[in-house]
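Going by the working numbering, the first residue of the sequence shown is number 140, and it counts up by one from there. Backbone N, C-alpha and C define an ideal beta-carbon position, used for all residues, glycine too. So the structure is just underneath, and the comments pick up after that.
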Amino acid sequence: MNKVAIVTDSTAYLPPDILEEYQIQVIPLSLIWDDDSYQDGVDITTTQFYNRLEKSPTLPSTSQPPAGEFKDCFSALLESGKDVLAILISAGISGTINSALQAQADLDPSRIEVIDSKTAAMATGLHVIAAARKAAEGGTLQEVAQVARDAQQRTDVVFVVDTLEFLHKGGRIGGAKRFLGSMLNIKPILEMSAGKIEAVDQVRTQKRALERMADLIREKASGEKPLRMAVIHSNVPEMAHNLKEEIQASFSPEEIYVSELSPVIGTHVGPGTLAIACMHGM
Numbered sequence: 140m141n142k143v144a145i146v147t148d149s150t151a152y153l154p155p156d157i158l159e160e161y162q163i164q165v166i167p168l169s170l171i172w173d174d175d176s177y178q179d180g181v182d183i184t185t186t187q188f189y190n191r192l193e194k195s196p197t198l199p200s201t202s203q204p205p206a207g208e209f210k211d212c213f214s215a216l217l218e219s220g221k222d223v224l225a226i227l228i229s230a231g232i233s234g235t236i237n238s239a240l241q242a243q244a245d246l247d248p249s250r251i252e253v254i255d256s257k258t259a260a261m262a263t264g265l266h267v268i269a270a271a272r273k274a275a276e277g278g279t280l281q282e283v284a285q286v287a288r289d290a291q292q293r294t295d296v297v298f299v300v301d302t303l304e305f306l307h308k309g310g311r312i313g314g315a316k317r318f319l320g321s322m323l324n325i326k327p328i329l330e331m332s333a334g335k336i337e338a339v340d341q342v343r344t345q346k347r348a349l350e351r352m353a354d355l356i357r358e359k360a361s362g363e364k365p366l367r368m369a370v371i372h373s374n375v376p377e378m379a380h381n382l383k384e385e386i387q388a389s390f391s392p393e394e395i396y397v398s399e400l401s402p403v404i405g406t407h408v409g410p411g412t413l414a415i416a417c418m419h420g421m
């Protein structure tokens, strides 16, 4: 039996079969839209979200989970005899980790580890899967947490957004601010760096953007194997699957996932976003 239970948040948007296989617990963030409140990925699907976003004159806001939700989850896992490892969205773009740290402090800090993935979406998911596999092998809390810390140092994410409007309005624009006001039809290429969004480059076409993203990932991986990768998208499934095929042919990764951006992340990047996440050397 596993000694360590893995907890993450809804923005990791892991495949349901992975959640079930490793019994990963998911704490949802919240989406507040006009008079409606939703739990991310629980009572609003990505399809419902993007359909409404297309027609809505207003943008939703997002909210981190309350500490009580983490406390309830952690308590139940501790009572079942397991230690707890929580791997969460970057503190640079969400306060989610603060709620988890508060819950940790209120319970038994010696049996709970809370780790900032320094990234988001399925990039965080890659860390979660790596840690869950170590836990399934019978790893201790310290051993499983070390896998997550190693993954943090070995994961890169680059992405292209259709427009910077959503990042700007949501206050998550970070280093991409310098691209605001650029010419129309320029595609900004961004990355997660030290837990924050930073600008990398700007190109003129979607095709060139995807080529540049692949080049950047190749540079960052520095020939390290194995590669575990994900193509992440917001409401452009066909483009994502085409990109997956190109990556498989170019990189021959050990495994590759196609994942959507959850509604909470979609709020901040908007539709049409494509990302490549790569965990290298582990």
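Checklist entry - Do the CB positions of K257 and S229 come within less than 8 Å of each other? => result yes
Checklist entry - Should R343 be labelled buried (16 or more other beta-carbon atoms within 10 Å of its own) or exposed? => result exposed
Checklist entry - If you run the structure through DSSP and keep just helix, strand and coil, what is P248? => result helix
Item to check | Span separating the alpha-carbon of E159 from that of A271 | outcome: 11 Å
Item to check | Residue ranges of each beta strand (DSSP E) within the segment 180 to 239, 3 or longer | outcome: 200 to 202, 222 to 227
Item to check | Coarse secondary structure for E394, derived from DSSP in three states | outcome: In the three-state DSSP reduction, E394 falls in the strand class (E or B).
Item to check | Separation of I415 from A353, as counted between CA atoms | outcome: 8 Å
Next on the checklist: Between A259 and T150, how many whole angstroms is the CB-CB distance? I'm expecting something under 8 Å.
Outcome noted: 6 Å
Next on the checklist: If we require 4 or more residues per run, which alpha helix (DSSP H) segments fall completely within the segment 269 to 309?
Outcome noted: 280 to 292, 304 to 308
Checklist entry - Going along the chain, which residues of its own chain have a beta-carbon closer than 7 Å to the beta-carbon of A242, five neighbours each way excluded? => result A206, F209, K210, F213
Item to check | Cα-Cα separation, M273 to T197 | outcome: Note on identity: in this sequence residue 273 is Lys, with Met being the wrong assignment. Each residue's Cα considered, the two are about 43 Å apart.
Next on the checklist: Tell me the residue span of the beta strand (DSSP E) that contains Y177.
Outcome noted: 175 to 178
Next on the checklist: Let me check understanding here. Comparing Cα to Cα, which of D156, L349, A360 lies closest to A290?
Outcome noted: A360
Checklist entry - What is the C-beta distance between G411 and E304, in whole angstroms, given that I count them as a contact (C-beta under 8 Å)? => result Their Cβ separation, rounded to whole angstroms, is 11 Å, which puts G411 and E304 out of contact at 8 Å.
Next on the checklist: At the 8 Å Cβ level, is E394 part of the contact set with chain B, yes or no?
Outcome noted: Any reference to chain B falls outside this structure, which holds one protein chain only.
Checklist entry - DSSP state of S401, grouped into three classes? => result In this structure, S401 counts as coil in the three-state DSSP scheme.
Item to check | For Q341: DSSP bridge partner residues | outcome: P327
Checklist entry - Three-state secondary structure (DSSP) at M378? => result helix
Checklist entry - What does DSSP give as the partner residues of A151 in its beta bridges? => result When DSSP reads this structure, A151 sits in no beta bridge, so it has no partner.
Next on the checklist: Per the DSSP calculation, S169 is bridged to which residue(s)?
Outcome noted: Partner residues in the beta bridge of S169, as assigned by DSSP, are Q178, S202.
Checklist entry - For the beta strand (DSSP E) that contains I163, what are its first and last residues? => result I163 -> no beta strand (DSSP E), and no H or E assigned at all.
Item to check | Where the beta strand (DSSP E) containing M418 begins and where it ends | outcome: 413 to 419
Next on the checklist: My assumption, with CB atoms under 8 Å, is that V397 sits in contact with V370. Please give the rounded CB distance.
Outcome noted: Right, their Cβ atoms sit about 5 Å apart.
Checklist entry - Under the rule that 16 or more other beta-carbon atoms within 10 Å means buried, what is N190, buried or exposed? => result exposed
Item to check | From G334, N381, L382, G278, residue whose alpha carbon lies closest to that of K221 | outcome: Between K221 and the set G334, N381, L382, G278, the nearest pair of CA atoms involves G278.
Checklist entry - Does the Cβ of L393 have 16 or more other Cβ atoms within 10 Å, making it buried, or fewer, making it exposed? => result According to the sequence as given, residue 393 is Glu; it is not Leu. Exposed, by the Cβ-count rule.
Item to check | In DSSP terms, what L367 is bridged to | outcome: Per the sequence shown, the amino acid found at residue 367 is Arg instead of Leu. Answer by DSSP bridge pairing, in chain order: E394, M418.
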